[in-house]
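Residue numbers (our numbering), protein chains in the order written: chain V, 1 to 355; chain C, 356 to 710; chain H, 711 to 1065; chain B, 1066 to 1420; chain A, 1421 to 1775. Have a look at the structure below before the remarks.
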Amino acid sequence: MAKTRSKNYQKKIGQVPGSIIYTGEKSSSKIFIEAIDYNKDQSTEKELETIEETFDYKYSDSVTWINLNGLSHVNDIEKLGTHFEIHPLVLEDIVNISQRPKIDEYDDYLFVVLKMLYYDKDEKIISEQVSFVLGKNYVLSFQEAEGDVFDVLRDRIRHAKGRIRSMKSDYLLYTLMDAIIDHYFSVIETLGDKIEDFESDIFLGNTDNTINKDIRDLKKEILRVRRAIFPLREVISRIEKYEGPLIQKKTKTYYRDIYDHLVQVSENIDIYREMIWSLMDMYMTTISNKMNEVMKVLTIMASIFIPLTFIAGIYGMNFEYIPELHYKYSYFILWGVMVAIFIGMIIYFKRKKWL
Amino acid sequence: MAKTRSKNYQKKIGQVPGSIIYTGEKSSSKIFIEAIDYNKDQSTEKELETIEETFDYKYSDSVTWINLNGLSHVNDIEKLGTHFEIHPLVLEDIVNISQRPKIDEYDDYLFVVLKMLYYDKDEKIISEQVSFVLGKNYVLSFQEAEGDVFDVLRDRIRHAKGRIRSMKSDYLLYTLMDAIIDHYFSVIETLGDKIEDFESDIFLGNTDNTINKDIRDLKKEILRVRRAIFPLREVISRIEKYEGPLIQKKTKTYYRDIYDHLVQVSENIDIYREMIWSLMDMYMTTISNKMNEVMKVLTIMASIFIPLTFIAGIYGMNFEYIPELHYKYSYFILWGVMVAIFIGMIIYFKRKKWL
Amino acid sequence: MAKTRSKNYQKKIGQVPGSIIYTGEKSSSKIFIEAIDYNKDQSTEKELETIEETFDYKYSDSVTWINLNGLSHVNDIEKLGTHFEIHPLVLEDIVNISQRPKIDEYDDYLFVVLKMLYYDKDEKIISEQVSFVLGKNYVLSFQEAEGDVFDVLRDRIRHAKGRIRSMKSDYLLYTLMDAIIDHYFSVIETLGDKIEDFESDIFLGNTDNTINKDIRDLKKEILRVRRAIFPLREVISRIEKYEGPLIQKKTKTYYRDIYDHLVQVSENIDIYREMIWSLMDMYMTTISNKMNEVMKVLTIMASIFIPLTFIAGIYGMNFEYIPELHYKYSYFILWGVMVAIFIGMIIYFKRKKWL
Amino acid sequence: MAKTRSKNYQKKIGQVPGSIIYTGEKSSSKIFIEAIDYNKDQSTEKELETIEETFDYKYSDSVTWINLNGLSHVNDIEKLGTHFEIHPLVLEDIVNISQRPKIDEYDDYLFVVLKMLYYDKDEKIISEQVSFVLGKNYVLSFQEAEGDVFDVLRDRIRHAKGRIRSMKSDYLLYTLMDAIIDHYFSVIETLGDKIEDFESDIFLGNTDNTINKDIRDLKKEILRVRRAIFPLREVISRIEKYEGPLIQKKTKTYYRDIYDHLVQVSENIDIYREMIWSLMDMYMTTISNKMNEVMKVLTIMASIFIPLTFIAGIYGMNFEYIPELHYKYSYFILWGVMVAIFIGMIIYFKRKKWL
Amino acid sequence: MAKTRSKNYQKKIGQVPGSIIYTGEKSSSKIFIEAIDYNKDQSTEKELETIEETFDYKYSDSVTWINLNGLSHVNDIEKLGTHFEIHPLVLEDIVNISQRPKIDEYDDYLFVVLKMLYYDKDEKIISEQVSFVLGKNYVLSFQEAEGDVFDVLRDRIRHAKGRIRSMKSDYLLYTLMDAIIDHYFSVIETLGDKIEDFESDIFLGNTDNTINKDIRDLKKEILRVRRAIFPLREVISRIEKYEGPLIQKKTKTYYRDIYDHLVQVSENIDIYREMIWSLMDMYMTTISNKMNEVMKVLTIMASIFIPLTFIAGIYGMNFEYIPELHYKYSYFILWGVMVAIFIGMIIYFKRKKWL
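See below:
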């Protein structure tokens, strides 16, 4: 991963500011452009062949959602940008996929970047950049690759479900963002499950050194999720405070709602973070407890048999005059003494609760 | 628990915003609706059969408290909401039981969500969502299940105890919230007792690995309580700052009072949190102290008997010419030497304070 | 302690807000009421028998300090409150001794709660609640039990020492609070001494498990002191910002002075806190150092004598053909070898700096 | 390093404020002065011999960038400063290379200090100070030594690439700062790689004490980078808020862009910081795991052979009456017993998962 | 030290506020008063015998610096204060040497307290209080004892070096404070050197328990320095914001400069603090590493010789029928077996990298 990131940065360093350079890896061979146009009464849905077909929507009265997948097609994005009069820095940000979530306010449009989060099949977190440009009567959305997160929305527009058809582009942007943020809940849930798995693992006495690495990976995952989600609160809160014609007052209630969702997600992340940070302590004490147990076994074995061996050693000596050697019952008496010592030791260790 | 939460979220993901979907588990077979209507001079108390019976209270001059238990009856709640002209997002929040405590200000009413906390019989913390809608002359309250926290209040209204009968709906809301917040004190008390139990447990030398798990569970409990209580301060403080017709100036003194209570509870939680976090350190040093003791026993036993065994070994050798073997008192002299070594060792370890 | 607190809370839960219920333990059999009245020219000092005798002071032009000890006499306090037109919530707070330090501003008076701190004879910290009501020409003070902290003041008023006789009630309140805050210095000093005692204790190698408990108790003590002192800064700073007739501009310089004192005390507390938190680390490393030493002794003893014992064992074998057994000087040569091994080991461990 | 810093400070202590004293080490024998002058239509580039040649540019209408390398030539810098009417404190700051990044606003110019970061060939971080003075139609830049970070820029001006030729001096300053900040990305990347190397090193079981030192060096590196980068955010944000004639409104969008970059870098640094701080925990548990393993080997060996040796010792005793000694199969039976004990022990340890 | 502080506090507790009581220890037998008076054209320097000689300077037009050493002479200070119309609380603060750095604004003068820091000959940090009263045309400075920190300044005034002679009293105060703050750099440098010494000490394997104490002392030192320096930033920043006749606008640039210095020093302190806090971790892992090494030696010795001793024990048994005893080459074969076991063990431990 580090390598990839590295390459991305290098592509950019030393470039003229505002250069529109795609920094990602997924170079989809084909660009996918889709235009969904609707008003109260009707809706049309079209897959477009060329970027030029989008141009007319700029002037239509109905609400248009232009969805573009494939950020490697920088030329098309530049054409689109020029036609819709978007600042070059915005276009640069759209294709530079290492943006933080942010909002930039321009006179005629708002630019919003955020991150879509999901787990891939290897249980690794994927963070994909989605950008929106909100104009008076349109929303442009830009994704690295085709996803299915917006399917529900298309359906809703088609069948005039919910309020969406009777609302403006600001509500469309809300529903798009809401769809992304809803997915955060399932991500943090998976995170929570992972942490609980570790906990029971460690609790059951697994102290492999690999746990070190796994905890660390989990920490990194949480840091990445945090980084994708936390700045978004600021974004939404700036939308709420935005005093321009692009966001209607009545729509702000809805943005308030996703703000509340974000705070909920953030709180969960912080709790998970605290939990995972303290997993290390739990791991450490578990190791220490195990070592304690090992030491006890050693100490008990040594403490019992070393004195006994010493006694046996005494009567293995070859002195000519050892009176005990010649008494008939010495051997049996000695066994008695040894058993007594043995039992005494056992009782002693029982008392100390080592056994 | 994780599973439950997971299911709740999934119910919601991909839904039209504003969909009124109950995310809890307790689907009480019957809805319970109760209306308490009072003014300075009289009070009536009624259990209602259908939601429609509540509709007239909207226009009455007296203060009405409509209490509804059973959030799974979303249809009734929707009807109520429509009649009382409540925003769909509010209705969605009422039945979505994973809300953070919050307040939403609308033109004609205030919406407040908070958490009721109590320990169930298994000593586990239960956090139940309670929502209030404060209108000019009514308070609607929504609970998951029937509880007894408001019993005191009913009594007070019935018998005109305290100021309540001569005050408006804003004071009613205050007393309802006060009843809930009062219970927080007993929760944090139980928490405090649990921590002290752990402390003395660890101090008495209990270093079982289960303590790891117990401390962790306690940490989680505190995090949950924190999460239920901390955002509430913001809620109350926004009520204090609220500049509208729904809250009278003289009632704000009372809200200030529950704000003070919340700060007190919060402070306690933070102290407990710090205490429990440092329990781990105490646990760790206790383990280390125990290990130290184990090691000392081993070292003392080994240091005393290993040299003695060596000496015995010497005179167990079968060399033909070992002069000492033939002296008559060798054996007794050797015993003397061994006892001297033994005593010397004991003195040495006493000096080191290991004995 | 936890038990006590618990009882206090229970007394309150479910009560009508504004119920005046004493939550402390010291139910002094007798109430003590004292009125000190003074102006530039003269001062009178009286112990009053009944609460009603205080009533006239409300209308006197001179400055009056009414000091009441014994919060369990709630009836008297209620009468006083009613006569002086004090809000019921204030009266509730006066007798509820688990208040945080705070200030409440009312139109005609200011209400201030703070904590008096001192060590009792068992070296335990006692935190006692003192409340003040500052009116135009009077200060009411409420204490749980008779203390001697204000003795200096009485003396000063009597003998017209300092500025006090020529100032208004706001200056009287300042001197009362100053007397309490001055005592904080001696409390944090004792705290500092305790920490230094622990430090030298641990440094001298005391690693008893009781230290765990003692450090913990100290932590709790610091948390309690913090809790009593930190909110007070906010109180004083609100007095400084207060824009009403009760506090004169020239008196604010004096409040600024106690604010500075509080900041000084707070800083010290935070330093102590950091010191005590890091005591645990010091304790931990001391234990580890000791264990290291124990292990070294064991390793040295075992490493020296186990090989020697092995050699002795060899020549204790009963094989018929062991050539060495029959050479006359074998035994002495073997002793030489053993001594050589012994010395070699000693040198080896010296080099490793284990000896 | 400490020594160097020390010398720098001493040079300054006790000096008249505003004394222009170079505190660095690189005393380049020759000063290098370069002037690049451009407007929309043309650009000239000149290396200047004397500082006086720069004086005329102050009055030219075109945008001029005067780049000066070699801060030890304080006389030249003073002359330049005097001519361009720069405050003595600014000149002092230019040559005192231990400045924090900062911006000082004066009536006719802005003064900006920041740090250029790069790794030298020994993989050590070098932080070099660069100062800018932004006037109406010029930018003065001051560097310790000649670097190549601005080469790209020269090229861009020469060939009229990007917007730069049609913009004012404020945009020139932006591109200069952008060039420096772009390099931060490659620095934090190297940092990230280093941390990952350590992680895998420790994970593979390397617990050499040198890791202690290496982690510590890495910590210091991060602290240095943090210190160079974090205050810069404040600098940029003050440029954005600056309300004067020197920065045009349309250029602020570009400054906003580098602000975003800085936030991104800062976030990464904080993540790395957290990762490296927790490396120590990982290291500690790895050591403990290893010790655990060592202890297990010891315990297993001792627990198996000490009892067996004891048994052998028993029958090595020289009592006259040990009945077992005379039975023919005793020896073989004993071997059987010993093997049984051995196997039993192995099974026991397998069950405990120590083997 | 604790004792001293304790005494200081007790001197104060229970005193009339505004009592002028010296709380330090250095009761210099003689007071030292010095007056330096200057304007653009000339300067006079005088050591004064009595405090009354200073009185006339209050009315002179030139700038006067009155420097007073010896805070135990409270009477003189009181006389001075009365004549210069200084508030009693200010006089109290001047002689109470446990002040935090602070600024108090009065109508006719500013009162500034700060701390002079230096290492005494025992390498202990000394923090001495210096107070300034800035009037329209004078600066009064108060020190506990004679120091040499201001010598440079006297020289500068005498010889009209720098701007000082042409500036007002506000600039004089600036240079005085600047002289003190410049010394902070050398203090933090010494601190930095100490930390590095510890680091290399620990890294070289010194794990004496005394390090515990030394680290702790260093922590305390840093806390003391922090406490002396951090509040000073607030003081300077309030001077910058001060809107009165005492500080001219053009002088504020200079105060901004010392503010920058303070931020630099503070940053360094925080870095050192972080470094020293993490020294403990480094110390801990070093101890653990050493213990690991000790354990390895023990385990290797025991694992090799315990089995060998067992084998020797076997053939030391006295059974009548041990066939091996009678074969001629048994002894030599056994030696072969033992050597094989020995070598096998060595290889095993080499593989485990314990050797």
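Ideal placement from N, C-alpha and C gives every residue a C-beta, glycine not left out.
So if DSSP puts residue i in a beta bridge, which residue, or which two residues, is it bridged to?
i: Ala1100 (chain B); result: B:Lys1111 and B:Ile1131
i: Leu827 (chain H); result: H:Ser837
i: Val862 (chain H); result: None, per the DSSP bridge assignment.
Return yes when the Cβ of residue j is within less than 8 Å of the Cβ of residue i, no when it is not.
i: Leu305 (chain C); j: Glu554 (chain C); result: The question about residue 305 (chain C) has no answer here: the residues shown for chain C are numbered 356 through 710.
i: Val805 (chain H); j: Lys812 (chain H); result: no
i: Ser876 (chain H); j: Asn847 (chain H); result: no
i: Arg1165 (chain B); j: Asp1690 (chain A); result: no
i: Ile835 (chain H); j: Val897 (chain H); result: yes
i: Leu1509 (chain A); j: Leu1666 (chain A); result: no
i: Leu1390 (chain B); j: Phe1739 (chain A); result: yes
i: Ile731 (chain H); j: Gly780 (chain H); result: no
i: Lys651 (chain C); j: Val1004 (chain H); result: yes
i: Thr1474 (chain A); j: Ile1453 (chain A); result: yes
i: Lys1355 (chain B); j: Asn1712 (chain A); result: yes
Would you please verify whether the beta carbon of residue i is less than 8 Å from any beta carbon of chain A?
i: Thr714 (chain H); result: Any reading at Thr714 (chain H) needs caution, since the residue's pLDDT is 37, under 50, leaving its predicted position unreliable; the model's value is listed next. Chain A, which has no Cβ nearer than 8 Å to the Cβ of Thr714 (chain H), makes this no.
i: Phe1197 (chain B); result: no
Could you tell me whether any Cβ in chain H is nearer than 8 Å to the Cβ of residue i?
i: Pro456 (chain C); result: no
i: Gly668 (chain C); result: yes
i: Tyr1703 (chain A); result: yes
i: Ala1760 (chain A); result: no
i: Tyr682 (chain C); result: no
i: Met1700 (chain A); result: yes
Quick test of your reading: residue i and residue j, contact by CB under 8 Å. State the CB separation rounded to the nearest angstrom.
i: Gly1182 (chain B); j: Ala1293 (chain B); result: Note that residue 1182 (chain B) is Leu in the sequence shown here, rather than Gly. Contact flag correct, Cβ pair sits at about 6 Å.
i: Thr995 (chain H); j: Met1704 (chain A); result: 6 Å
i: Ile1622 (chain A); j: Ile1631 (chain A); result: 7 Å
i: Leu546 (chain C); j: Ser496 (chain C); result: Contact doesn't hold; Cβ gap of about 27 Å is too wide.
Is there at least one Cβ from chain V nearer than 8 Å to residue i's Cβ?
i: Tyr1396 (chain B); result: no
i: Leu1420 (chain B); result: no
Quick check on this structure: which residue in the options has the alpha carbon closest to the alpha carbon of residue i?
i: Tyr539 (chain C); options: C:Asp552, C:Arg579 and C:Asp636; result: C:Arg579
i: Gly691 (chain C); options: C:Ile702, C:Ile666 and C:Leu617; result: C:Ile666
i: Arg611 (chain C); options: C:Ile698, C:Lys683 and C:Tyr526; result: C:Tyr526
i: Met1055 (chain H); options: H:Thr961, H:Ile1016 and H:Pro1033; result: H:Ile1016
Show which residues of chain F have a CB atom less than 8 Å away from the CB atom of residue i.
i: Thr1374 (chain B); result: No chain F appears in this structure, whose protein chains are V, C, H, B and A.
What I want to know is whether the C-beta of residue i ends up closer than 7 Å to one or more non-hydrogen atoms of the ligand FAD.
i: Arg513 (chain C); result: For the ligand FAD, the structure offers nothing, since it holds no ligand at all.
Could you check whether the Cβ of residue i sits closer than 8 Å to any Cβ belonging to chain C?
i: Arg926 (chain H); result: yes
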